[in-house]
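Structure record follows, encoded as structure tokens.
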Amino acid sequence: MSLAEIIAAQQDKLSDADRRLVDVLLADKAAGSFLPAHLVASKAGVHASTAGRLARKLGFSSYRDMRGALQDTILADLDASVRVRRRLKRAEGHSLLGSVIEGEISALAALPSQVSDADIVHAARLLRDANTILAFGEGHASSLAEIFVRRLVRSGYGARHVGHADWQAADALLSLTAQDIVVVFVFRHASPGASRVVSYAQTIGATTLLVTDRHAGMPVCDTQLVAARGNEGEFHSLSVPMAICNTLILELSRTDHGRSLAKLAKVDTLQRMFRERPD
């Protein structure tokens, strides 16, 4: 659900002060999504603490999270051409390649402040303890999910990739058990397919893990790794979530008592066998 939909669903619970805050936020979503709580409260003519209380009434842990949800709403409304034009505009007069590299470095440098080492250790433990890993992603997220599964398999883990919420997903979910984990990748837009997969997994007791760049409108999973992929409203790559996946693979190799390393060595042996020319 978008922030506007969440507000509409909770309308009866809002006070007059809450509604004044909502009016300020939604009057200019672009501006409101970046204003700190005290400035929004000042514009609405209410006490600064009202912003935090409104956020909690709407189901957010803080005003910052609610503001992130509003930012998600704005970004979802921007089509690809707008986002590419913004990136090109920012690179005017400079090297385009240099601009892209600068953006990637900036996004990656911000990752540790959003996903901690403890988050990685916890998520890797969930993967390590699962019988089977099901990775789901649609669109660009499907490509990342597929690469992640390939690396998991080469590290000795039973994993499967699902890239469409159709018969393929149904076939994959058929054998899912409470001892398995479902990893869903969702970027920029909400994914009804991902929500359905997570919902089914939860009904049978399977663990769920979400990797996303969104603060709202996402399926609620047991563990969530949330990190921005770059400057808001611009063209984004998969470098940040790829870094998360690579770190999870490395954490598995560090902690699974040689399981990953032994399988990787076997993969190398098999690859050499297929590279050899027959006598």
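Quick note: the sequence shown uses our numbering, first residue 250, plus one each step. Backbone N, C-alpha and C define an ideal beta-carbon position, used for all residues, glycine too. Remember, predicted model here, so these are calculated numbers, not experimental data.
Buried or exposed for A455, going by 16 or more other Cβ atoms inside 10 Å? Position 206 of the sequence shown holds residue 455. With 16 or more other Cβ atoms within 10 Å, it is buried.
Select from R437, H464, D471 and S440 the residue whose C-alpha is nearest the C-alpha of T452. Mapped onto the sequence shown, residue 452 falls at position 203. Nearest C-alpha to T452: D471.
6 Å Cβ shell around R508 - same chain, five flanking residues per side excluded: Residue mapping note: residue 508 aligns to position 259 of the sequence shown, counting from 1. Answer for R508: G405, listed in chain order.
Under a Cβ-count criterion, where at least 16 other Cβ atoms within 10 Å of its own Cβ denotes burial, should P490 be classed as buried or exposed? Counting from one through the sequence shown, the residue named residue 490 turns up at place 241. With 16 or more other Cβ atoms from the protein chains shown falling within 10 Å of its own Cβ, P490 counts as buried.
Please state the DSSP three-state secondary structure of G442. Sequence index remark: in the sequence shown, residue 442 carries index 193 (1-based). If DSSP states are grouped into helix, strand and coil, G442 belongs with the helices.
Just how far apart, CA to CA, sit S391 and V411? Counted from its first residue, the sequence shown places residue 391 at position 142. Counted from its first residue, the sequence shown places residue 411 at position 162. The straight-line gap from Cα to Cα measures roughly 7 Å.
Can you give the Cα-Cα distance for V446 and S344, rounded to whole angstroms? For this step, residue 446 is matched to residue 197 along the sequence shown. For this step, residue 344 is matched to residue 95 along the sequence shown. Going from the Cα of V446 to the Cα of S344 covers about 42 Å.
Kindly list the residues whose CB is nearer than 7 Å to the CB of A427, restricted to its own chain and excluding five residues on each side of it in sequence; keep chain order. Here the question's residue 427 lines up with position 178 in the sequence shown. Answer for A427: I453, G454 and A455, listed in chain order.
Taking the continuous beta strand (DSSP E) assigned at V435, which residues delimit it? Position 186 of the sequence shown, counted from the start, is the residue given in the question as residue 435. I430 to V435 is the extent of the beta strand (DSSP E) around V435.
Contact set for F397: own chain, Cβ-Cβ below 6 Å, skip 5 residues either direction: If you number the sequence shown from 1, residue 397 lands on position 148. Same-chain partners within the cutoff: A384 and C494.
Backbone CA spacing between F436 and R399 [nearest angstrom]: As a position in the sequence shown, residue 436 is number 187, starting the count at 1. As a position in the sequence shown, residue 399 is number 150, starting the count at 1. Rounded to the nearest angstrom, the two C-alpha atoms are 20 Å apart.
Of the listed residues T457, Q417, D272 and A297, nearest to A372 (C-alpha basis): In the sequence shown, the residue the question calls residue 372 occupies position 123. The candidate whose alpha carbon is nearest that of A372 is T457.
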